[in-house]
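Visitor: Structure below; questions to follow.
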Amino acid sequence: MQTKFTQRRHIITYLRTHFESWSEYANSEECGLTIKQEDLRFVSGTVKTTRWASSAWAGSHKNKQASVTVQVPNMASLDLKVSVEEQNLPYSWYNKGPITDPKSKAPAVGLLTNQQASLPSTTSTEETRDQCLFFNYFTAKKRLWFNRVMQGAAGPHQLPPGGPDPEGNEPIGGESGSDDEALSTYTSYNPVAYLLDYILAHSEADMAIASDRDLIAIFGEEGVPEDIYAGLEELQPEVEVDESGVGTVSVDTTWLDKQLASETAILTRTEGDINEAGAHSGSEELQATLGGPETETTSFDHQNPLEQDPEDEDEDDPEAAERRKAQMAVWEPAANGHTGSITALAVSPDSKWVASGSDDTMIILWDTEEQSVVRKWESHGDIVWHLAFSPDSARLASSGGEGRIMIWNVDSGEHLGTLGGHTEAVHTVVWSPDGTKLGSGSDDMTVRIWDAQNYECLHLLEGHNAMVTFVLFSHNGQYLASGGADYNCRLWNVDTGTLHKELTGHRGMVWTAAFDPVDNRIATASDDGSVRVWKVETGEELVVLHEHHGPVWVVAFTEDGKEILSGSSDSTLKICDSFSSKRVAIMEGHDSMVNAASLSPDGRYIASASSDNTVRFWRKKDGTNMKTFNEHNDKVTHVVFSPDGVTLSSGSDDGTVRIRVLKDFVKLD
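Anchor point for the sequence shown: position 85 equals 85 in the UniProt record's numbering, and the numbering is continuous, going up by one each time.
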């Protein structure tokens, strides 16, 4: 069984729920380990290989140029040399694997040794990639009932220490000796252990959860100091404690969520005996203890009415005030909605419905007029990644983390069909403009085109070398665009399923795209901070917009195609001429990254959603912020206008969906 996570919050929720079970198993007779809580690590970054070598070196040098020379003659040995301005460093350590024949069941583990590593040769021509290297990890620690305040060690430590010992025992391996002795006796270097102690010492949390990436985010370009705890005490990072008593450090993790979305972050339990990496056998008893592959989510208190700034009250319009009160009353029972983050949000073409999906595995259909729950569906058994209404608003397509696409009858709630074929999470599903076809993109690196009547796969489109982040039909239905983590966008011929053009040039993940109103051009947005405009017919790159200082998550053409809207993690939205690339307007005011943005149907307004927990309403022509909505209590991830322009809906990590009748809140021009 395996669970795949693509957001830091989901990993924290999983650890909170299952940490005790994993800890008990690791120290059980079946597993045969004896480890402390903070030494139980949940890996969030790995790579598989046939054989490997690692090295570490140390030296006191500043402002000098260094070089690393590696030679692997005949793949049988490793010669690594580190020099600083032609001076070889005296302290270097090496490790390598596998230490036995690759076909052997013996584990490839060991400590770094102060000697040259030699990689064993093998006669096998097809070696199995059974060696797993760990790069990043999460770990947790529960507060002992008899010790409400825990202080971590704050003295200097030699590389590599074993992490703080709250029970006051001697360091693992006995008294400290020479560097070589410490290196060979310490069994675990765990810098995150200091962060766990810091969280427990600076909060009333019952449990601390942290990652090595948290340390990187805290210390930034200065680097993690030798005395980690002292460095934490100096910087005093804020500790957040959720309603379940879990403490974490408050850091900007948007970059981590994007990274997790593009790499494998999987906790796996395999059938059979314990394998080389120590993975657990999937016995029925353990599965019952650990639970199934579904990820439980944190419950939130959503009973927070819409907040209206006093200065926004119109004293001359008592009816407007009454409408505001009614709107606030509507949202009192919001706890009856989702219990997890909003991961998908869609408005029907007839503007009657809003559909929301969540990592609580649930889909909810809302009535926009009554602003109430119409029905709920629970069928994916995993995160609901995307929702899309058919052009006639009669059907709803949903895609999930388990790889299925499901079709629902909006009026009756009936399950109409399941589109099966993808082998991993489907992050995006869209309808063709005429409603006869569906397009989907998946983590399995494939794109599929489906018949929307019998739900059969018409074309399997292969060519991407990494996860597919989006698919998009052109307005005329002739082309399907897809992009992803391989830095490219591809244009496919919908009728034949053949590749039309491959658009290459970005130097980062391509997150989204938009066709201009007449399908002559397509704009793509990327992690590399750029928006690029291409000619659809030839694939020629026409314009490159370098307006942002961070990844660009949002791109859209204006209604006349003359301008392009973009939104970025640099917390700004910008409008540029789509032909000359000249900047037309800039919208500043968010305190954190812009996650989503939407143009109003008449093209006069822009709504944006941000990680600063707000939705902002802008006048497009001059970039004026006309209204800031602050009803959400966590990151706002989705925002969309209804096609009739009457409502503005948003979804947040706090689990709430807000449907606003705009005229009740904003004086439209």
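Even glycine gets a Cβ: it sits at the ideal position worked out from N, Cα and C. All figures in this text were calculated on a predicted structure; none of them were measured in a lab.
What are the residues that DSSP puts in a beta bridge with residue 415?
Guide: 408
Visitor: Taking only the alpha-carbon atoms, compute the straight-line gap between residue 122 and residue 50 and give it to the nearest angstrom.
Guide: Low local confidence applies: a pLDDT of 40 at residue 122 is under 50, so the model's placement there is unreliable, and no value is given.
Visitor: Count Cβ pairs between the stretch 450 to 458 and the stretch 466 to 475 that sit closer than 8 Å; are there 3 or more?
Guide: no
Visitor: Per DSSP, residue 358 is paired with what?
Guide: 342
Visitor: Would you mind giving the Cβ-Cβ distance between residue 355 and residue 389, rounded to the nearest angstrom? I have them listed as a contact below 8 Å.
Guide: 7 Å
Visitor: Who does residue 494 pair with in a DSSP beta bridge?
Guide: DSSP output for residue 494 lists no bridge partner at all.
Visitor: Can you give me the C-alpha to C-alpha distance between residue 164 and residue 233, rounded to a whole angstrom?
Guide: Residue confidence for residue 164 is low, a pLDDT of 46 falling below 50, so the modelled location carries little weight; the figure read from the coordinates is stated next. Per the coordinates, the alpha-carbon of residue 164 lies some 15 Å from the alpha-carbon of residue 233.
Visitor: Taking the beta strand (DSSP E) that residue 442 falls in, what are its first and last residues?
Guide: 437 to 442
Visitor: Go ahead and pull the three-state DSSP assignment for residue 21.
Guide: helix
Visitor: With DSSP run on the structure shown, which of helix, strand or coil describes residue 10?
Guide: The answer is helix: DSSP assigns residue 10 an H, G or I state.
Visitor: Indicate whether residue 650 and residue 615 have their beta-carbon atoms separated by less than 7 Å.
Guide: yes
Visitor: Secondary structure at residue 536, three-state DSSP: helix, strand or coil?
Guide: Note: residue 536 maps to coil in three-state DSSP.
Visitor: Please name the residue or residues paired with residue 384 in a DSSP beta bridge.
Guide: 400
Visitor: Thinking residue 627 and residue 641 are a contact (beta carbons under 8 Å), I'd like their distance in whole angstroms, please.
Guide: Actually they do not touch by this definition, with Cβ atoms about 14 Å apart.
Visitor: Quick check: what's the CA-CA separation for residue 361 versus residue 385?
Guide: 9 Å
Visitor: Quick one: what's got a C-beta closer than 7 Å to residue 474's C-beta in the same chain, skipping five residues either side?
Guide: Result list for residue 474: 515 and 519, in chain order.
Visitor: Please state whether the Cβ-Cβ distance between residue 246 and residue 16 is less than 7 Å.
Guide: yes
Visitor: Spatial neighbours of residue 563 within its chain, please: C-beta separation below 7 Å, excluding the five flanking residues on both sides.
Guide: Excluding sequence neighbours, residue 563 sits near 575, 576, 577, 578 and 584.
Visitor: Have a look at residue 32 and residue 39 and give me their C-alpha separation to the nearest angstrom.
Guide: 15 Å
Visitor: For residue 138, does the count of other Cβ atoms within 10 angstroms reach 16, so buried, or fall short, so exposed?
Guide: buried
Visitor: Taking Cβ positions, are residue 610 and residue 636 nearer each other than 7 Å?
Guide: A contact, by the Cβ cut-off of 7 Å.
Visitor: Going by DSSP in three states, residue 37 sits in which element: helix, strand or coil?
Guide: helix
Visitor: With H, G and I counted as helix, E and B as strand and the rest as coil, what does DSSP make of residue 579?
Guide: coil
Visitor: What number of angstroms, rounded off, separates the C-alpha of residue 524 from the C-alpha of residue 560?
Guide: 18 Å
Visitor: For residue 214, which of 248, 568 and 444 has the nearest alpha-carbon?
Guide: 248
Visitor: Using only the alpha-carbon positions, how far apart do residue 345 and residue 381 sit?
Guide: If you take the alpha carbons of residue 345 and residue 381, they lie about 18 Å apart.
Visitor: Taking DSSP's pairing of strands, which residues face residue 371 in a bridge?
Guide: In the DSSP output, where bridge partners are listed per residue, residue 371 has none listed.
Visitor: Can you give me the start and stop residues for the beta strand (DSSP E) that residue 609 sits inside?
Guide: Element bounds for residue 609: 605 to 610.
Visitor: Taking only three categories from DSSP, how would you classify residue 16?
Guide: helix
Visitor: Could you pull out every residue in the same chain whose Cβ sits closer than 7 Å to the Cβ of residue 445, ignoring the five residues on either side in sequence?
Guide: 464, 465, 466, 467 and 468
Visitor: Quick check on residue 251: does DSSP put it in helix, strand or coil?
Guide: coil
Visitor: Output yes or no for whether 7 Å exceeds the beta carbon distance between residue 422 and residue 403.
Guide: Yes, they are a contact pair.
Visitor: Quick one: what does DSSP say residue 646 is sitting in, helix, strand or coil?
Guide: In this structure, residue 646 counts as coil in the three-state DSSP scheme.
Visitor: In or out: residue 544 buried (at least 16 other Cβ within 10 Å) or exposed?
Guide: exposed
Visitor: Hey, quick one: how far does the alpha helix (DSSP H) through residue 213 stretch, first residue to last?
Guide: 212 to 219
Visitor: Whole angstroms are fine: how far does the CA of residue 343 sit from the CA of residue 10?
Guide: 12 Å
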